[in-house]
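Visitor:
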Amino acid sequence: MRKLLTSLSISVVVSLLSLGSAQAAGDAVELKSVSWKHGGLFGTYDRAAAQRGLQVYREVCAGCHGLGLVAFRTLADLGFSEEEIKALAAESEFVDGPDGDGEMFERPGKPSDKFPSPFPNEQAARASNGGAYPPDLSLITKARAHGDDYLYSLLTGYTDVPADFTLAEGMNYNAYFAGHQIAMPSPLSDDAVEYADGTPATVDQMAKDVTVFLAWAAEPKLEQRKSVGLKVILFLLILAAVFYAVKRKVWSDLH
């Protein structure tokens, strides 16, 4: 299992890196900068945004992109109840078995299952996408520096083709993609989803929300890590103060 996960992680990173960098040599583009709530030393995930982002992923992205390293049960960290998680998982079908007769069978998803891939293998994925391979999104925000800003910039970077730019057949122009040519058409359009909380589903809002969700998917323990780090820093500061007080006491006695 460990070898499988390692191989999957490597293939995901390689696939993402093959997409190129919007800041490649000679093609540097300044990314859009967003003040993410989960950024910084004290940052925490915006759970409302992450829940909306899950909706965007499921209704817009999941048709092409998997999330194979994320289990349904981890959605509890975003505020989903056990019943909601069971209902979400049950919407997907998984091949399981063998049963008592040695046959494989399909069953509804369970909370312990990971988000399914929309394709059975890479060849099927390429065949359905004109030869392009839609990468798994589990680690998308960790595939490059400033991954959150890059993903948001990419999703909102589709524009009309400049007059002096030659676009290859079947490609789409994106200001933040390497070479500005990307096989994936713009996945977002205004009102592509209908948010349950009434938030206007603009392209900008959906791009931010799905970025928050995918940032959480890539690092679900970020808040715990920061909490431990702050406690360690506080402990070291107190320890340093104690050592300083002892040092002053020792030297004062000597003099």
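Mapped onto mature numbering (1 follows the signal peptide of the UniProt record, and there is no 0), the consecutive letters of the sequence shown carry residue numbers -24 to -1, 1 to 231. Glycine included, C-beta positions come from ideal geometry on N, C-alpha and C. Quantities reported herein were computed from a predicted structural model and do not represent experimental measurements.
Among Glu6, Ser203, Glu170, Asn97, whose alpha-carbon lies nearest the alpha-carbon of His14?
Guide: Of Glu6, Ser203, Glu170, Asn97, the residue nearest in Cα terms is Ser203.
Visitor: Take every Cβ of the segment 148 to 156, pair it with every Cβ of the segment 78 to 97, and state whether three or more of those distances are shorter than 8 Å.
Guide: These segments do not touch.
Visitor: How many whole angstroms separate the CB atoms of Asp185 and Val32, which I take to be in contact at a CB cut-off of 8 Å?
Guide: Sure, about 6 Å apart at Cβ, within 8 Å.
Visitor: Does DSSP put Ala216 in a helix, a strand or coil?
Guide: In the structure shown, Ala216 sits in a helix (DSSP, three-state: H, G or I).
Visitor: When the Cα atoms are used, what is the spatial distance from Trp12 to Ala119?
Guide: If you take the alpha carbons of Trp12 and Ala119, they lie about 18 Å apart.
Visitor: Which same chain residues, not among the five before or five after Ser129, have their C-beta less than 6 Å away from its C-beta?
Guide: The answer, listed in chain order, is Leu7, Lys8, Tyr152.
Visitor: Which same chain residues, not among the five before or five after Ser(-4), have their C-beta less than 6 Å away from its C-beta?
Guide: Caution applies to Ser(-4), whose pLDDT of 43 falls short of 50 and renders its modelled position unreliable; the value that the coordinates give is listed next. Hits under 6 Å: Ala154.
Visitor: Under the DSSP definition of a beta bridge, which residues are partnered with Glu69?
Guide: The partner list for Glu69 (beta bridge, DSSP) reads Pro84.
Visitor: Taking only the alpha-carbon atoms, compute the straight-line gap between Ile116 and Leu30 and give it to the nearest angstrom.
Guide: Taking the straight line from one Cα to the other gives about 15 Å.
Visitor: Since Gly85 and Phe95 should fall inside the 8 Å C-beta cutoff, what is the C-beta to C-beta distance between them, to a whole number of angstroms?
Guide: In fact, because the Cβ distance is near 17 Å, the residues do not count as touching under 8 Å.
Visitor: From the DSSP secondary-structure annotation, give me the bridge partner or partners of Ile158.
Guide: Ile158 is bridged to Asn148.
Visitor: Could you check how far apart the C-beta atoms of Asn148 and Tyr126 are, in whole angstroms? I think they sit under 8 Å.
Guide: In fact, because the Cβ distance is near 17 Å, the residues do not count as touching under 8 Å.
Visitor: Looking at the strands, I want to know which residues DSSP matches up with Tyr21.
Guide: Paired residue(s): none; Tyr21 is not in a bridge.
Visitor: Using beta-carbon positions only, say whether Ile61 and Leu51 come within less than 7 Å of one another.
Guide: Yes; because the gap between Cβ atoms is below 7 Å, this pair is in contact.
Visitor: Can you tell me the Cα-Cα spacing of residue 242 and Glu145, whole angstroms?
Guide: This structure does not reach residue 242, given that the chain is present from -24 up to 231, and the question cannot be answered.
Visitor: Assuming contact is defined by CB atoms lying nearer than 7 Å, are Ala101 and Tyr109 in contact in what I supplied?
Guide: The answer is yes: Cβ separation under 7 Å.
Visitor: In angstroms with no decimal places, state the Cα-to-Cα distance between Met182 and Asp72.
Guide: Between Met182 and Asp72, the C-alpha separation is close to 34 Å.
Visitor: Do Asp112 and Gly42 have their CB atoms nearer than 7 Å?
Guide: Yes, Cβ-Cβ distance for Asp112 and Gly42 is below 7 Å.
Visitor: Using the three-state DSSP reduction, which class does Lys13 fall into: helix, strand or coil?
Guide: Three-state DSSP puts Lys13 in coil, outside helix and strand.
Visitor: So Leu164 packs on Val179, CB below 8 Å; how close in whole Å?
Guide: Right, their Cβ atoms sit about 5 Å apart.
Visitor: State buried or exposed for Gln27, treating a residue as buried only when at least 16 other CB atoms are found within 10 Å of its CB.
Guide: Under this definition Gln27 is a buried residue.
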